[in-house]
Amino acid sequence: MPPKLYYNAMSPRCRAVLMTAKALGLELELEEIHVYSKDHLDETLQRLNPKHTVPTLVDNDVVICECHAAVGYLVDKYGDEDNLYPKDQNERALVDQKLHFDAENLFPRVDAIIRSIVEENEKEISTDKISAITEAYKLVDAFLEDKTYIVGDSLTIADFCCVTTISTATIIIPISTEKYPNLSTWYRNFKNLEYYEKTNGDGLNKLDALVELKLGRPKTKELCD
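161 is the number that UniProt numbering gives to position 161 of the sequence shown; each next residue is one higher, with no gaps.
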């Protein structure tokens, strides 16, 4: 019986789990949940996860309610090789460092700007929120200096988590190739992965459409100029 994932494709954290599973060649049983409507909470999910959040990964008796723990678990258990999440202590520490960056620094900035639009129905985006995103772009661009991927020359789960978050930010603030050349190249290369569109692009497009609807106007691409 394959692991079951309670998810919503619009959630960047869910997309990171989907991307990891696809990179491993692992098929998941999927149960889609409406993340922006408390009226549609799945009763089973409520029992499994007291936070009622997605992603929630269920693998026999193991229940994991956090994206970064879930992607690491999948590689450890189902990966034929450990390149996506190295077992070497020093290499794994570098991956963990970037996972913590996504969890504690990058994702909260992006989540704040998306939730302000989708849940709080804000029509204008504050300067503070915009600055927080562009500062995050600068940091990731610096991480990628002389590197192909977030940690080095090998693709890892840190890249999956960061790219799903950053791609979500681009709904509001596109990546300037001139200002963030390393970030721009890394993101462009990700889009060329054979499994990118199915695991990240489709859900990203759904969220983009929702944000457009909530804003009631075209995306403000000029915000990052």
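Backbone N, C-alpha and C define an ideal beta-carbon position, used for all residues, glycine too. Keep in mind it's a predicted model, so treat the numbers as computed, not measured.
Review point. Does the separation of the CB atoms of A136 and R109 fall below 7 angstroms?
Key: It is a contact, given that the beta carbons lie within the stated cut-off.
Check your understanding: In whole angstroms, what is the alpha-carbon distance linking E212 and E122?
Key -> Distance from the CA of E212 to the CA of E122, rounded to the nearest whole angstrom, comes to 12 angstroms.
Exercise for review: With a threshold of 16 other CB atoms inside 10 Å of the CB of T56, please say whether the residue is buried or exposed.
Suggested key: Buried, because 16 or more other Cβ atoms sit within 10 Å of the Cβ of T56.
Point to revise | Assigned secondary structure, Y6 (DSSP; H/G/I helix, E/B strand, else coil) | key: Here Y6 sits in strand by DSSP.
Review point. Skipping 5 residues on each side, what residues in its chain have a beta carbon closer than 6 angstroms to that of V140?
Key: Cβ neighbours of V140 beyond the five flanking positions: L183.
Review point. So what does DSSP say about I114, is it helix, strand or coil?
Key: Reduced to three states, the DSSP call for I114 is helix.
**Study point:** Contact set for W186: own chain, Cβ-Cβ below 6 angstroms, skip 5 residues either direction
**Key:** The residues L144, in chain order, have a CB closer than 6 angstroms to that of W186 in the same chain once the five nearest residues on each side in sequence are set aside.
**Study point:** Endpoints, beta strand (DSSP E) assigned at D59
**Key:** Looking at the DSSP string, the run of the beta strand (DSSP E) that includes D59 is T56 to D59.
Review point. Do you know offhand how far E124's Cα is from E104's?
Key: Between E124 and E104, the alpha-carbon positions lie close to 25 angstroms from each other.
Exercise for review: Give the secondary structure of N182 by DSSP, where H, G and I count as helix, E and B as strand, and everything else as coil.
Suggested key: The DSSP-derived three-state label of N182 is helix.
**Study point:** For V17, three-class secondary structure by DSSP
**Key:** The three-state secondary structure of V17, taken from DSSP, is helix.
Review point. Rounded to whole angstroms, how far is the Cβ of residue 226 from the Cβ of T199, which I believe are closer than 8 angstroms?
Key: Only positions 1 to 225 of the chain appear in this structure, which leaves residue 226 out of reach.
Check your understanding: Do Y78 and I157 have their C-beta atoms within less than 7 angstroms of each other?
Key -> For Y78 and I157, no; Cβs fall outside 7 angstroms.
Exercise for review: State the DSSP-derived secondary structure class of I150, mapped to helix, strand or coil.
Suggested key: In the structure shown, I150 sits in coil (DSSP, three-state: anything other than H, G, I, E or B).
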